[in-house]
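Asks: Take a look at this one; I'll ask things after.
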Amino acid sequence: MTVPSFVAVPGLVHGFERRTPGAPAETREAARQRVAKARTTRGRVLFLTQVHGAAVVRAPWDGAPAADAALATAPGLLLAIETADCLPVLFVDPVRRAVAAAHAGWRGTAAGVARAALEALLASGSRREDVRAALGPAIGACCYEVGEEVRAALGPSLAHCFRDGAPRPFFDLRAANRAQLEAAGLAAAAIEDVDECTRCLPERYHSWRRDGAAAGRLIHVIGFVAR
Ligand SMILES: [Zn+2]
């Protein structure tokens, strides 16, 4: 699944994964191999060991470093983010032809991981006004019941992203990440949002909340193809 303003960028490959109806279950490694070998992903697909933090690594790398955000400023390096309810955030600077990506659950959001990815892109030379972001499929405010410790961790600046429920509150993960990116200087119009709930749409998405430990992972990718 693509977003319109990213499709318009020549040489950019990006996509948020949807499940293939009827496809057999696959291991995480098999899913990685499938994406790495896909015809559309010309270049090296680079994976992370995601740990719900805010560290950003710069491509290329070997193995799968422990980080939840990444940056690539050269063609042929495709960044992969794996999710099953957490929010994937993709960034592109069409002018410098640079990309970034982040994996944001509530812990990563509390740590400011999407903002960290944006700041890394800017630190590498991108201009804020050139950067566009896309929020992918994630568990929606309709389904994301959380404990009070989540509300405490996110702090007063994101209090508007919680809705009281009985007995526990519901958290709007995409609204929180949008708010953080806007606070970091991205224009609202520069942030696209696919706005689909992974838990509500079993035919399209894996969901940890719905499927538990057996849930598969969706693999989302962004990068410029090798010339
Ligand atoms: Zn939902």
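Just add 25 to the spot in the sequence shown (first one is 1) and you have our numbering. The C-beta atom is built at its ideal place from N, Cα and C for all residues, glycine as well. Keep in mind the model is a prediction, meaning the values are calculated, not measured.
Identify every run of the beta strand (DSSP E) within the stretch 170-252, keeping only runs that are complete inside it and at least 3 residues long; order them along the chain.
Replies: Entirely contained in the stretch 170-252, the beta strand (DSSP E) runs reaching 3 residues are, in chain order, 216-218 and 243-249.
Asks: Cβ atoms of residue 89 and residue 74: under 8 Å apart, would you say?
Replies: Taking 8 Å as the Cβ cut-off, residue 74 and residue 89 qualify as a contacting pair.
Asks: In the structure shown, what three-state DSSP assignment does residue 60 receive?
Replies: In this structure, residue 60 counts as helix in the three-state DSSP scheme.
Asks: Helix or strand or just coil, what does DSSP make of residue 143?
Replies: In the structure shown, residue 143 sits in a helix (DSSP, three-state: H, G or I).
Asks: Would the stretch 161-181 and the stretch 139-152 be scored as touching if the rule is three or more Cβ pairs under 8 Å?
Replies: No: the two stretches stay apart, fewer than three of their Cβ pairs being nearer than 8 Å.
Asks: Pick out whichever of 120, 217 and 160 has its Cα sitting closest to the Cα of residue 130.
Replies: The option with the nearest alpha carbon to residue 130 is 160.
Asks: Over the uninterrupted alpha helix (DSSP H) stretch that includes residue 31, give me the two end residues.
Replies: From DSSP, the alpha helix (DSSP H) with residue 31 extends over 29-32.
Asks: Beta-carbon separation of residue 102 and residue 39 under 8 Å?
Replies: Against a cut-off of 8 Å, the Cβ pair of residue 39 and residue 102 comes out as no contact.
Asks: Are the Cβ atoms of residue 53 and residue 193 separated by less than 8 Å?
Replies: Their beta carbons are not under 8 Å apart, which means residue 53 does not touch residue 193 by this criterion.
Asks: Tell me which residues share the same chain as residue 69 and place their Cβ nearer than 7 Å to its Cβ, disregarding the 5 neighbours each side in the sequence.
Replies: Here the set comprises 85, 101, 102 and 103.
Asks: Just verifying my parser: in three-state terms, what is the DSSP assignment at residue 132?
Replies: The answer is helix: DSSP assigns residue 132 an H, G or I state.
Asks: Is residue 210 near residue 136, with beta carbons less than 8 Å apart?
Replies: No. Outside cutoff.
Asks: Unbroken beta strand (DSSP E) runs of length 3 or more, entirely within the stretch 78-116: which are they?
Replies: You should have 81-83, 94-97 and 102-108.
Asks: Using only CA atoms, which one of 239, 230 and 248 lies nearest to residue 45?
Replies: Looking at the Cα atoms, 230 is the closest of the given residues.
Asks: When the Cα atoms are used, what is the spatial distance from residue 251 to residue 67?
Replies: Between residue 251 and residue 67, the C-alpha separation is close to 6 Å.
Asks: Please classify residue 180 as buried or exposed, where buried requires at least 16 other C-beta atoms within 10 Å of its C-beta.
Replies: Flag for residue 180 reads exposed.
Asks: With 16 other CB atoms within 10 Å as the buried threshold, where does residue 128 fall?
Replies: Buried, by the Cβ-count rule.
Asks: Can you tell me whether residue 199 is buried or exposed? The criterion is at least 16 other CB atoms within 10 Å of its CB, across all chains shown.
Replies: Label assigned to residue 199: buried.
Asks: Rounded to a whole number of angstroms, what is the C-alpha to C-alpha distance between residue 95 and residue 248?
Replies: Roughly 11 Å separates the two Cα atoms.
Asks: Can you pull the DSSP bridge partners for residue 38?
Replies: DSSP, once it has assigned bridges, lists 248 as partnering residue 38.
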